[in-house]
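Pasting the structure below:
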């Protein structure tokens with residue numbers, strides 16, 4: 006980013022039809038020695054306005070001025086964004102956290118995990134906090150001073166013991182007491198949004214799942230816990246919060262390499278009616294990071310999937326990708 010200012014020079018010996026404008030890298034301009042007045046002349050300098058620089062030169066003998074306007078380009082320093090990733094110990098959360106760490110010129114990464122084991126798994130740095138999102142006071146220290154929040158927390162079902170895949174059939178799942186989607190995906194995410202709002206964050210990126218428009222979606226039947234219903238409730242709460250947001254409803258997550266597929270965005274679960282319903286976790290992570298940098302991503306909600314590897318053109322222009330999205334929820 007560069008800030009452009011105008012520096013005006015009044016020079017006694019430049020011809021009246023001389024006008025030069027150009028970008029220079031410092032706050033002064035060196036003119037050729039031949040254009041300066043002789044020893045019998047002098048230049049007087051004074052500042053005309055506080056937010057620009059002007060040099061005024063008067064010829065002792067003629068008292069005439071000549072003016073040259075020069076555009077000065079001064080590099081503006083941009084502080085890296087401090088970003089908290091919650092659910093940083095999860096499979097997608099780890100990738101987002103790592104990507105932010107790798108781009109230290111743009112971001113200061115923080116993580117929030119639930120256990121000491123998860124903290125050690127991602128490195129155990131001082132900027133990784135341990136806290137339970139169901140407890141609003143426990144997450145308060147992690148959000149203090151952050152610029153943005155990426156929410157990657159989710160209730161995780163457990164498989165009931167005794168399932169034998171060799172006998173066919175489908176496994177049964179359950180949620181541990183206190184870790185149902187209502188507590189994690191609704192109350193836990195609401196706590197995060199409230200804490201972030203109190204801390205004055207500039208943006209929240211929330212990763213959810215496609216399927217929320219269908220109450221009969223199979224995911225809602227897992228443990229009879231209506232996980233997509235509670236996720237949708239949290240998404241609506243974020244959209245109504247007044248904080249700039251990006252809601253990413255990912256398709257089926259795959260543990261595959263990212264950056265090699267064409268990404269697809271949609272709305273209202275329309276992608277579930279196609280053959281392109283999955284996406285690599287690494288691609289979801291990259292979209293999260295890009296959303297933190299682009300105005301086109303703000304106040305948007307999108308479904309996200311990708312074409313199969315080897316078809317289409319790998320997505321590189323994320324500004325164009327977000328510009329396709331017109332839905333706020």
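Numbering (my numbering), first residue to last: 6 to 334.
Backbone N, C-alpha and C fix where the C-beta goes; we use that ideal spot for every residue, glycine too.
Owing to the predicted nature of the structure, the values given are computational and were not obtained by experimental measurement.
- For residue 270, the closest alpha carbon among the candidates 189, 120 and 324 is that of 324.
- In its chain, beyond the 5 residues on either side, 162, 163, 165 and 228 have a beta carbon closer than 7 angstroms to the beta carbon of residue 179.
- The criterion of a C-beta distance shorter than 8 angstroms is not satisfied by residue 254 and residue 311.
- In this structure, the straight-line span from the alpha carbon of residue 160 to that of residue 89 is close to 19 angstroms.
- The distance from the Cβ of residue 206 to that of residue 154 is about 5 angstroms, consistent with a contact at the 8 angstroms cut-off.
- Residue pairing by DSSP puts residue 88 in a beta bridge opposite 114 and 153.
- Ranked by how close their Cα comes to the Cα of residue 190, the residues 231, 120, 307 and 201 have 231 in first place.
- Residue 300 and residue 140 have their alpha carbons spaced roughly 32 angstroms apart.
- Here the region 253–268 makes contact with the region 289–304; the two share three or more CB pairs at distances below 8 angstroms.
- The beta-carbon distance between residue 210 and residue 158, rounded to whole angstroms, is 12 angstroms. This is too long to meet the 8 angstroms contact definition.
- Its chain contains 186, 187, 190 and 191 as the residues whose beta carbon lies nearer than 7 angstroms to that of residue 235, once the 5 sequence neighbours on both sides are disregarded; these appear in chain order.
- The distance from the Cβ of residue 148 to that of residue 93 is about 13 angstroms, inconsistent with a contact at the 8 angstroms cut-off.
- Spanning the alpha carbons of residue 225 and residue 233 requires a straight line of approximately 6 angstroms.
- By the neighbour-count criterion, in which a residue is buried when 16 or more other Cβ atoms sit within 10 angstroms of its Cβ, residue 318 is exposed.
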